[in-house]
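Engineer: One structure, as structure tokens, below. Some questions next.
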Amino acid sequence: MLVTVLFPYLMAMFVGKMQREAQKHYQQQAGGAYTNTHHSQPDGKVRIDYVPPKSSKDKPLTNGKVGEFVDFEEVK
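If you count the sequence shown from 1, position 2 lands on -7 in the working numbering, and the numbers rise without skipping.
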């Protein structure tokens, strides 16, 4: 009878401890990096990580192979 009362209590304590340790580990790994980047910029500002290279006006954007025309019939 003592086991039926004590076992759930011990399991709840064990699971709670494991959750706290996992949360602490997550905050150290991902949470710290998120808070540093999040607070470094004021709200409403946009940060662009990649800017494509500018092409000259003489150089076309495509290589002439834009696509293939597919003839089709409409089915009703």
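Yeah, the Cβ is synthetic: ideal placement off N, Cα and C, and Gly gets one too.
On a predicted model such as this, the values are computed, not experimentally measured, just so you know.
For the alpha helix (DSSP H) containing Phe5, name the first residue and the last one.
Structural biologist: Stepping through the sequence shown from its first residue, residue 5 is reached at position 14. It spans -7 to 17 - the alpha helix (DSSP H) in which Phe5 sits, taken as one unbroken run.
Engineer: Whose C-beta lies closer than 7 Å to the C-beta of Lys36 among residues of the same chain, with five residues either side of it excluded?
Structural biologist: The sequence position of residue 36 within the sequence shown is 45, counting from 1. Counting only Cβ-Cβ distances below 7 Å, and skipping sequence neighbours, we find nothing.
Engineer: Given this structure, state the Cα-to-Cα distance separating Ala13 from Tyr41, to the nearest angstrom.
Structural biologist: Reading the sequence shown from its first residue, position 22 is the one you call residue 13. Reading the sequence shown from its first residue, position 50 is the one you call residue 41. Straight-line Cα distance between these residues: approximately 34 Å.
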